[in-house]
Amino acid sequence: MDDETRFQEIKEKEITRLTTPVTYKKVKFGADEAYDCEGNRIREFKDGIPIIEPKKGLLSNEEILKYAPYSEEASKIRLKQGDGGFNDKLKVYGVAIFIIGLFGFYAVFFGFMYSGFVGFIILILILAVIIYLLFIRDSKYKTKKQSANKVIEYSKDESKISYNDDLLLLFNSNVKIAREMIEKRFPAPQMTNTKFNSVLDNCKNVVESQIEILNTITPTEKSKYEIESRKKLIKQVISKIDDLTNELILSEENNLENVIEDMDNLINSVKDYE
265 MDDETRFQEI
275 KEKEITRLTT
285 PVTYKKVKFG
295 ADEAYDCEGN
305 RIREFKDGIP
315 IIEPKKGLLS
325 NEEILKYAPY
335 SEEASKIRLK
345 QGDGGFNDKL
355 KVYGVAIFII
365 GLFGFYAVFF
375 GFMYSGFVGF
385 IILILILAVI
395 IYLLFIRDSK
405 YKTKKQSANK
415 VIEYSKDESK
425 ISYNDDLLLL
435 FNSNVKIARE
445 MIEKRFPAPQ
455 MTNTKFNSVL
465 DNCKNVVESQ
475 IEILNTITPT
485 EKSKYEIESR
495 KKLIKQVISK
505 IDDLTNELIL
515 SEENNLENVI
525 EDMDNLINSV
535 KDYE
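Per our numbering, the very first residue in the sequence shown carries number 265; after that it's consecutive.
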């Protein structure tokens, strides 16, 4: 099993953990305890609903928002995307604000005992930190998102064309290498050379046609599947060309056995020159 397959299995297992209903265990005193399907105890609830935190490094931001929308990690993602609300800020910074407030209360109290001015300065600093966390810290992400929304209609088509052109560039690069290997393995004017190159010519015409179509299609919910399907097929063609190149390389004559035999003969003949 390769690393990619193993990672996908772990990822699917994590999604299952996040989406499987929790089980409850009755305890003698207090509320029932909640556990996920792997037996991990869940200690956080929202409106009576248990919240399962996703494991780090397994899921993409979109997957976390989909499968663990009430988790702290999802709140962090929403804040960074400029979509977070006040509840997200409380979830992410709540503990920090509580600690600041708790120690700040004592700091202000002793500050006023020492000097009214010192106590006032400490109070202002504590309030400034809390205001920063709740109202200022993540505002830059909202501003960034608003700016992005203003230009997205202009940049959407350019980025789409850029990606498709990169795909075409990769295809042409792989075709060039394949043609060089065909020429080396079956030099013109062999019929095999002509046959192989004609297939590559046909691939090139089809791929260029599909890239042109992709550059003109406007992405919508209805066309999204068709766009991804065409891109996937183009990538499969590129992969097949890579397979052809590798097969041509591996089919080259292997002279290693002859070299080893020559070296053995040379070693055995050393005594003849004494």
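Don't be surprised by glycine CBs; every beta carbon is placed ideally from N, CA and C.
Per DSSP, A298 lies in no alpha helix (DSSP H) segment; the continuous beta strand (DSSP E) that holds it begins and ends at E297 to Y299. Nearest C-alpha to N304 among K289, K310, F293 and A295: K289. The C-beta distance from L343 to D352 rounds to 6 Å, short enough to meet the 8 Å contact threshold. DSSP, read as helix, strand or coil, puts F450 in coil. Ranking T284, F293 and K310 by CA distance to the CA of C301 puts T284 first.
A distance below 8 Å separates the beta carbons of S335 and E317.
When the five nearest sequence neighbours on each side are left out, the beta carbons in the same chain lying within less than 6 Å of the beta carbon of I386 are those of A371, V372 and G375, in order along the chain.
Shown here, K275 sits in a helix according to DSSP, grouped into three states. Annotated three-state conformation of T484 is coil, per DSSP. I524 carries a helical assignment under DSSP once its states are collapsed to helix, strand and coil.
Listed as beta-bridge partners of P314 by DSSP are F309. The closest CA to that of V470, considering only R494, L398, T482 and M527, is found on R494. Looking at the DSSP output, K340 bridges to nothing. Secondary structure of K319 (DSSP, three-state): coil. Our two residues, N466 and S473, have alpha carbons roughly 11 Å apart in a direct line. Counting along the chain, Y288 sits inside the beta strand (DSSP E) bounded by residues T287 to K289. DSSP, read as helix, strand or coil, puts A392 in helix. The Cβ neighbour count for A298, taken over all protein chains shown within 10 Å, is at least 16; the residue is labelled buried. When C-beta atoms of the segment 441-458 are compared with those of the segment 475-485, fewer than three pairs fall below 8 Å, so the two segments do not count as touching. Straight-line spacing of the CA atoms in I505 and A442 works out to 7 Å.
Scanning its chain for C-beta atoms nearer than 8 Å, with the 5 sequence neighbours on each side dropped, one finds around L497 the residues Q474, in chain order. For A360, the uninterrupted alpha helix (DSSP H) segment begins and ends at F350 to Y378.
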